[in-house]
Amino acid sequence: MNNINNASPLQRLLTTSAGWAPLALRIPIGIVFVAHGAQKLFGAFGGYGLEGTGQFMDSLGLSPGYLMALLAGSAEFFGGLALLLGLLVRPAAAVLAVTMVVAIATVHLDKGLFMANNGYEFALALLAAAVSLLISGAGFASVDATLARRAD
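In this text, residue positions in the sequence shown follow our numbering: the first is 857, and each later residue adds one.
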């Protein structure tokens, strides 16, 4: 794309000059988010599913818990899939970043930094990765880059 200022909003959303580096974040972070979302939505990988996660969210004051579990699980599962595919990475990363901020603030912050105490270090690392992808975009090896090239 010669001039990003003349680009359509969709082209601006999809365009990235980040090369191959985001792939190193997208794949492992996408896998982690898909797995965590599957725990919340489907009870996969030892998760509690929507009912159990909803009850937990209600106990945190995030009500209605079932809806909050559906939103968080969907953000993680479908956002993770978007990262894996490199499709609409910036919006997916934005939603995932907000999800991690809520998780840190409501579940982990009062427990300190370290995971051994259910602290926020892992959620903070996921937040950092999501923000990085929000800034960089999907990178060269992505559906976004392919769509942006075709739109030129």
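Virtual Cβ for every residue (Gly too), placed ideally from N, Cα, C.
Assigned exposure category for residue i - 16 Cβ within 10 Å defines buried
i, result
"residue 1008", "exposed"
"residue 919", "exposed"
"residue 902", "exposed"
"residue 1000", "buried"
Nearest-angstrom Cα separation, counted from residue j out to residue i
i, j, result
"residue 896", "residue 952", "15 Å"
"residue 989", "residue 945", "7 Å"
"residue 948", "residue 925", "17 Å"
"residue 991", "residue 1004", "16 Å"
"residue 998", "residue 927", "25 Å"
"residue 881", "residue 862", "29 Å"
"residue 958", "residue 943", "24 Å"
Reduced DSSP category for residue i - H, G, I as helix; E, B as strand; rest coil
i, result
"residue 916", "coil"
"residue 968", "coil"
"residue 922", "helix"
"residue 997", "coil"
"residue 909", "helix"
Spatially closest choice to residue i from the options, by CA coordinates
i, options, result
"residue 885", "933, 975 and 970", "933"
"residue 887", "977, 1006, 982 and 995", "982"
"residue 996", "877, 869, 866 and 868", "877"
Chain B within 8 Å of residue i, Cβ atoms only
i, result
"residue 868", "Of the protein chains in this structure there is only one, and it is not chain B."
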